[in-house]
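Trainee: In our numbering, the protein residues as written are 1 to 188.
We treat Cβ as the ideally placed atom computed from N, Cα and C, and that holds for glycine.
Pasting in a structure now, in structure tokens, and then I'll have a few things to ask.
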């Protein structure tokens, strides 16, 4: 970030590791239970077939599903661990905002943000920051380690921060956004 003088100190949003684990817990438990149940189902299906060929075919299909579920469970566990260990995920100051995510980081000056919206997803509030059309990783003022694919995704969906898994209330982030932009970006 820069040393631009301002009356407001930078707002650093960190990761709340226990909250991240809670967010991922139900999905990890569900995929684990489904993997175990499908493995048990494969064995039971194989035992009920009358011929070896049909038993191997039927069990093979169920075991393929089991393998997919085990892969999904391992992927979710790794993602949860990486997400919980990110540390600082968002920094807001007078110059702009810096995001750190699993795919890399991006710094955007405030003038490249066109709007901020607030909505609820399940029990959590989500702020979505939309960029001005045409912003890429090579736009002047942008510093990024993200791939062009991720820039296209951010351009379409915006940058989102949700109230789950962070150590600062979402209202504080919204207030800091409005303060650093002199009210131009006021999440509604």
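Taking residue 45 and residue 58 to be in contact with their CB atoms under 8 angstroms, please state how far apart those CB atoms are, rounded to whole angstroms.
Mentor: Between residue 58 and residue 45 the Cβ distance is about 5 angstroms, and since that is below 8 angstroms, they are a contact.
Trainee: Counting only the same chain and skipping the five closest in sequence on each side, list residues whose C-beta sits under 8 angstroms from that of residue 31.
Mentor: Counting only Cβ-Cβ distances below 8 angstroms, and skipping sequence neighbours, we find 69, 72, 73, 76.
Trainee: Whether or not the region 74–94 and the region 134–147 are in contact is what I'm after, with contact meaning three or more pairs of Cβ atoms, one per stretch, closer than 8 angstroms; do they touch?
Mentor: No, the region 134–147 does not touch the region 74–94.
Trainee: Kindly indicate which three-state DSSP category residue 38 falls into: helix, strand or coil?
Mentor: It is helical.
Trainee: From the DSSP output, in three-state form, read off residue 14 for me.
Mentor: Reduced to three states, the DSSP call for residue 14 is strand.
Trainee: Give me the DSSP bridge partner(s) of residue 121.
Mentor: Answer is 124, bridged to residue 121.
Trainee: DSSP puts residue 109 in a beta bridge; with which residues?
Mentor: Answer is 96.
Trainee: Roughly how many angstroms separate the alpha carbons of residue 43 and residue 52, rounded to a whole number?
Mentor: In a straight line, the C-alpha of residue 43 is about 13 angstroms away from that of residue 52.
Trainee: Residue 173 to residue 160, Cα distance in whole Å?
Mentor: Cα-Cα distance, rounded: 12 angstroms.
Trainee: Which term fits residue 107, buried or exposed, when burial requires 16 or more other beta carbons within 10 angstroms of its beta carbon?
Mentor: So residue 107 ends up on the buried side.
Trainee: Beta-carbon separation of residue 131 and residue 113 under 8 angstroms?
Mentor: Cβ atoms of residue 131 and residue 113: closer than 8 angstroms.
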